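K.L.:
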Amino acid sequence: PLVAIGGLNPDRLDGVFEAGANSAAVVTDITLSFDPEARTREWIEKTDRWR
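Heads up: the sequence shown is residues 2 to 52, going by my numbering.
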């Protein structure tokens with residue numbers, strides 16, 4: 002499996018999967034967010050079509 006990591010945000014996610022990644026590892030975008038819980042929900046919604 003190909004895992005994308007580094008510099009990811011929800012706006013870049015479609016390109017990551019379209020380029021062939023099987024999964025995305027995300028840390029900084031969530032932990033540095035003003036509201037990490039809301040950002041996590043945003044990631045979950047954005048990744049729904051790729052699951």
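Just so it is clear, CB atoms sit at the ideal spot from N, CA and C, and this is done for glycine as well.
Keep in mind the model is a prediction, meaning the values are calculated, not measured.
Taking 8 Å as the CB-CB limit, is A39 close to chain C?
P.N.:
Of the chains in the structure shown, none is chain C; there is only one protein chain.
K.L.:
Just reading off the alpha helix (DSSP H) that A22 is part of, what are its end residues?
P.N.:
In the DSSP annotation of this structure, A22 is not part of any alpha helix (DSSP H), being labelled neither H nor E.
K.L.:
Compute the distance between the beta-carbons of V17 and A25, then report whether it is under 8 Å.
P.N.:
yes
K.L.:
Comparing C-alpha positions only, which one of G21, V28, D15 sits nearest to G8?
P.N.:
V28
K.L.:
From R42 to D30, what distance separates their C-alpha atoms?
P.N.:
So the two alpha carbons sit approximately 12 Å from each other.
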